[in-house]
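Written out below as structure tokens is the structure these notes cover.
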Amino acid sequence: MAFQKAVKGTALIGGGAIATVFGLSQFSQYRNKHSTFVHVQAAEAVTVPIKNHLPTREQQILALQTTGEFDVLVIGGGATGCGCALDAVTRGLKTALLERDDFSSGTSSRSTKLIHGGVRYLQKAIMKLDFEQYKMVKEALEERANLLEIAPHLSAPLPIMLPVYKWWQLPYYWFGIKLYDLVAGSQCLKSSYVLSKSRALEHFPMLRKDELVGAIVYYDGQHNDARMNLAIALTAARYGAATANYAEVLRLLKTTDPASGKERVCGVRCRDVLTGQEFDVKAKCVINATGPFTDSVRKMDDQEVPNICQPSAGVHIVMPGYYSPDNMGLLDPATSDGRVIFFLPWEKMTIAGTTDSPTDVTSHPIPTEEDINFILNEVRNYLSVDVEVRRGDVLAAWSGIRPLVIDPNSKDTQSISRNHVVTISDSGLVTIAGGKWTTYRAMAQDTIDAAIQAHDLKAGSSKTIGLQLQGAEDWSPTLYIRLVQDYGLESEVAQHLASTYGDKAFEVAKIAQVTGKRWPIVGKRLVSEFPYIEAEVVYGVKEYARTAVDMISRRTRLAFLNVQAAEEALPRIIEIMGKELNWNEQKKKEELEAAKKFLYYEMGYKVKSDQLTDSSEISLGPSDIERYKKRFHMFDKDKKGFITILDVQRVLESISVQIAENTLHDILNEVDLNKNGQVELNEFLQLMSAIQKGHVSGSRLAVLMKTAEENLHQRVVIPVDRSGGGL
């Protein structure tokens, strides 16, 4: 009864408030109808032919070297840069794009994976009567609808729950979320709704029950950000843009305008990072779309120009899928320090983030222990006491740099703009900065519009609204069934291929290796618990992957889902890439070291070492110490004070269990803190103490020794697969 009264009260309060913005809703409906009309026109107006096959990287480099002059040259292969290239090339402009690392190697692959308008920005727009914030949310919601339509294989609507723990918050949040629906208009994904306490717990059973009043559920979009970025780049390439990753801009080229006597940017000097070859690329217009590195390119143009980028670091963590429902996210609207935390299902795991703190610009941002623990503590506040949120369950962690900007054209040059900013320097360098992932297409359109006007380029209006990205054309929700039936792939693998490559999944299936098993017929997995298969490595090279890091982080998402699984897959990935790219043994060794370094620092693997070191404290009670000593001495029969592979093999043989020697080596190496080839008693006690505190989970040695102790006198199967335990 109380809940029903609250909902009725909510309706009264919210209804009056919504009436005050009825004019906005009418305007919204008009804009949506107009947008749909433009949508159809734009998609049908592209006259540039699209290539059936993707050009090779070598062909792209050759095009960059031999083309006399491009109309547009974009620096930066993130979402915005690739969006600019796609927008320009589909208008008929001769287009080039250079990225010094890999496509989506920076911020664009390290997002919260949401396609959203920004609930919190709408709140600020209403509270502060800020029409600019409102316009930003409105634009983002329009772009959300477009992105879900042009890449349905990579994106989907996601319901997000906002739990309510105080009665007065119910009408407040209900009004805000309903207003969010209203601003979206006919492009609202699904109408938001209120849940009672019992219904909220049905949908999200791991939610904290104490004082829970109810919940509000609204809808936003979710996507595979790195693959979406890559789809934009590949689509631009197939329309004729000369795009190249690992092509670093060394300096801007300038010429003197005979009419004005001023210097004008006319191209760049660049270097092929893979070969070391340097060459010039000439262009009528150069666009700086380098995200956090905006100012470094601006200073190539003018060393005295003031910085406009205010970088902010956002850390995310990935936890096992059992921390959240498969199809429901969670929003914490007010964390302990005023930030917003999302807790979302993603790729059958759970992603939590983000933080927001000032940082220096770097190509290799590193997640900090402080930020990881902040996120874990906020998660604990919302989950049931029955769910132990363990530090050891963090499977991966990363930091992305958000390039907030100060608008140099604004009167208030100290105010950070939440929207994007397009500027044109005296020498003609066009810079696009700020904005958000969701609005990449609108940002690109504004940028190319400005470039056309500033450089008198001959081109029509943007054609990218409704323009389908690679993989979308013949995709359907049931496409994966054909993959299973036609090729004999596992259902999980087929679903993964369909949702990653869209209609190009058949090209991957065609090159999948025969397993030699009754089922599946084709598709050898890279690691047992993820649906990534070896054929994707071969196909990834065709998609311009040139390093092992490209493969584990952006062609597949292994590094973002489980760094231990990614490390486990590396030798096979490098072996396959070596064959495709003719790597020698030295190059393979270098790739392995570089990939391990990437996992160790940038993806949170370092945290594992920090959680269990040779100086870790042993905080066990006397009875626990005696119990674990007894277990240890069961393996250390000779009372040496340490155990080796031989000791473990002897115990396993006594219970008729065989485990491969290289697997045993890996199992012991996880706990061998001083790396002397043996596990000492102190190291074992440190391990068990870390497990008790929740700092470490999924230790194969701990499971193996416990199982052996319990079943010493009977034959058993001892699991040695990596359990998915975290960092």
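Counting in my numbering, the sequence shown runs from 7 upward without gaps. Every residue, glycine too, gets a C-beta built ideally from N, C-alpha and C. Here the structure is a predicted model, which means the values were calculated and not measured.
What are the start and end residues of each continuous alpha helix (DSSP H) run of 4 or more residues lying completely inside the region 193-256, in chain order?
-> The qualifying runs are 203-209, 231-244.
When 570, 608, 690, 651 are compared against residue 626, the one with the closest alpha-carbon | 690
Mind reading off the beta-carbon distance from residue 550 to residue 251? Whole number of angstroms is fine, and I expect it under 8 Å.
-> 5 Å
Per DSSP, cross-strand counterpart(s) of residue 270 = Paired residues: 261.
Does the Cβ of residue 652 have 16 or more other Cβ atoms within 10 Å, making it buried, or fewer, making it exposed?
-> Exposed is the call here.
If we ignore side chains and look at the alpha-carbon of each, how far apart do residue 337 and residue 182 end up?
-> 14 Å
Which one of 390, 370, 433 has the shortest CA to CA distance from residue 405?
-> 370
Option in 525, 55, 325 with minimal Cα separation from residue 97 = When C-alpha distances from residue 97 are compared across 525, 55, 325, the shortest belongs to 55.
Three or more C-beta pairs below 8 Å linking the region 237-255 and the region 50-69 | The region 237-255 is in contact with the region 50-69.
Keeping to the same chain, check which residues put their C-beta closer than 8 Å to that of residue 456; ignore five residues upstream and five downstream.
-> 428, 430, 436
Please look up how many angstroms separate the CB atoms of residue 291 and residue 77, rounded, as I've assumed it's under 8 Å.
-> 7 Å
Do the region 395-405 and the region 223-240 touch if we need at least three Cβ pairs shorter than 8 Å?
-> no
When burial is assigned at 16 or more other CB atoms within 10 Å of the CB, is residue 230 buried or exposed?
-> buried
With respect to the alpha helix (DSSP H) encompassing residue 512, which residues constitute its N-terminal and C-terminal limits?
-> 511-516
Determine the contact status of residue 297 and residue 124, defining contact as a CB-CB distance below 7 Å.
-> Note that the C-beta distance between residue 297 and residue 124 is not below 7 Å.
CA nearest to the CA of residue 344, picked from 361, 638, 332 | 361
Provide the residue span of the beta strand (DSSP E) that contains residue 160, from first to last.
-> Per DSSP, residue 160 is not a residue of any beta strand (DSSP E), being assigned neither H nor E.
Could you tell me which residues DSSP puts in a beta bridge with residue 79?
-> 102, 292
So, helix, strand or coil for residue 167, using DSSP?
-> strand
Following the continuous beta strand (DSSP E) through residue 403, name the residue where it begins and the one where it ends.
-> 402-412 is the span of the beta strand (DSSP E), which, as asked, contains residue 403.
Within its chain, find whatever has a CB closer than 7 Å to the CB of residue 592; leave out the 5 residues flanking it on each side and keep chain order.
-> none
Residue 411 and residue 276 closer than 7 Å at C-beta | Not in contact: residue 411 and residue 276 (Cβ atoms no closer than 7 Å).
Assuming residue 158 contacts residue 443 (C-beta within less than 8 Å), just tell me the rounded distance between them.
-> Actually they do not touch by this definition, with Cβ atoms about 17 Å apart.
With 16 other CB atoms within 10 Å as the buried threshold, where does residue 256 fall?
-> Exposed.
Ignore the nearest five residues each way along the sequence and tell me which others in residue 700's own chain have a CB closer than 7 Å to its CB.
-> 394, 396, 397, 398
For the alpha helix (DSSP H) containing residue 59, list its first residue and its last residue.
-> Where residue 59 is concerned, there is no enclosing alpha helix (DSSP H), given that its DSSP letter is neither H nor E.
The beta strand (DSSP E) with residue 318 in it runs from where to where?
-> 315-325
Please confirm whether residue 195 and residue 225 have their CB atoms less than 7 Å apart.
-> Their beta carbons are under 7 Å apart, which means residue 195 touches residue 225 by this criterion.
Residue 433 vs residue 307 beta-carbon contact at 7 Å = yes
Whole-number beta carbon distance between residue 106 and residue 4, since they are thought to touch under 8 Å = There is no way to answer for residue 4, as the model of the chain reaches only from 7 to 733.
Can you give me the start and stop residues for the alpha helix (DSSP H) that residue 452 sits inside?
-> Taken as a continuous stretch (DSSP letters only), the alpha helix (DSSP H) holding residue 452 covers 446-461.
Span of the beta strand (DSSP E) holding residue 352?
-> According to the DSSP assignment, residue 352 belongs to the beta strand (DSSP E) that extends over 347-352.
Excluding the 5 residues preceding and the 5 following residue 117 in the sequence, name in chain order all residues of the same chain whose CB lies nearer than 7 Å to its CB.
-> 231, 406, 443
Report the partner residues of residue 335 according to the DSSP bridge assignment.
-> 166
Which of helix, strand or coil does DSSP assign to residue 428?
-> strand
Let me know the secondary structure DSSP gives residue 657 once reduced to three states.
-> helix
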